[in-house]
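This report concerns only the one structure given below.
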Amino acid sequence: MTSTGGNFIDDVLRKPMQVVVDGETYRLQGSQVAYDLEVVSEPGDTVVGYIARRTADSAGFVPAAAANQVPPEEHADLADGIRALVNA
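By the working numbering, the letter at position 58 of the sequence shown is numbered 72, and the numbering carries on one by one without gaps.
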């Protein structure tokens with residue numbers, strides 16, 4: 015997994031489908047709302063938030079309850095962003 019300035023793609027230009035953060039597994043998948051990816055907790059199959067892209071090189075994380083708000087750009091790392099969603 016490589017952080018590419020907020021694009022969150024792997025070395026072969028695919029979006030990751032599963033990521034482990036602090037021992038917990040999360041699934042990243044396409045969303046039905048206007049965001050690129052949903053972050054889904056694997057054990058409970060619960061949407062914990064979204065990864066939203068504003069531009070080609072900038073992304074933000076927003077909690078599920080704030081899905082229609084403009085996302086922040088403060089989390090540059092995928093694992094840090096997922097931690098922020100889980101701990102929100």
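Glycine included, C-beta positions come from ideal geometry on N, C-alpha and C.
Just so we're clear, the structure is a prediction, and the values are computed from it rather than from any experiment.
Asked                                                                                                                                              : Found
What are the partner residues of LEU42, as DSSP defines its beta bridges?                                                                          : VAL53
To the nearest angstrom, how far is the alpha carbon of ALA102 from that of GLY63?                                                                 : 10 Å
Just the Cα atoms here: how many angstroms apart are GLN32 and ALA98?                                                                              : 17 Å
Is GLY58 helix, strand or coil by DSSP?                                                                                                            : coil
Assuming VAL53 and LEU42 are in contact, meaning their beta carbons sit under 8 Å apart, how far apart are those beta carbons, in whole angstroms? : 6 Å
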